[in-house]
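Peer 1: Below: one structure in structure tokens.
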Amino acid sequence: KSSSEVTALLQLLQGGKPAEPSVQTAWERPLLELGPEAARLTQTKLLVDTQAFRAMNSEAKKDFLGDLATIGESFGLEAQLVQPPGHEGVNLIGDPDAISRAQGDLLGMFEFYGVAPTQS
């Protein structure tokens, strides 16, 4: 792109334009309607062995993510891989009882993939 095209785009983006009525209506609605069960939601992070996780090949990581999603769904949890350097792990979000039940399966999965955290 030329300098003038980039400048024109920046001006358009910075100037903005009025939102259409459908967009304004969407902004007024809450993103997520939470019921009384939301008060019980909690989050837990299970760490993995950082070096072992980084050493996994891409196919193994893909399989790991698929298994993680399957376990999360089977327990009614949101299970997310988090990868800040040196603190790789899995965040579990959901009912505390479901998290407690899922932890054993997840730790078994970590052992299967060779990424279970080592005990010091």
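Sequential numbering from 945 applies to the sequence shown in the numbering used here.
Note that the Cβ used here is the ideal one computed from N, Cα and C, for glycine as well.
Given the structure is predicted, the values throughout are model-derived calculations rather than measurements.
Which value, in whole angstroms, describes the spacing of the CA atoms of Gln1027 and Asn1001?
Peer 2: If you take the alpha carbons of Gln1027 and Asn1001, they lie about 15 Å apart.
Peer 1: What's the C-alpha gap between Gln987 and Gly1020?
Peer 2: 13 Å
Peer 1: Work out the CA separation of Gln995 and Phe1054 for me, nearest whole Å.
Peer 2: 13 Å
Peer 1: Opposite Lys989 in the DSSP bridges: which residues?
Peer 2: Asn1035, per the DSSP bridge assignment.
Peer 1: Can you grab the Cα-Cα spacing for the pair Arg1045 / Arg998, in whole Å?
Peer 2: 27 Å
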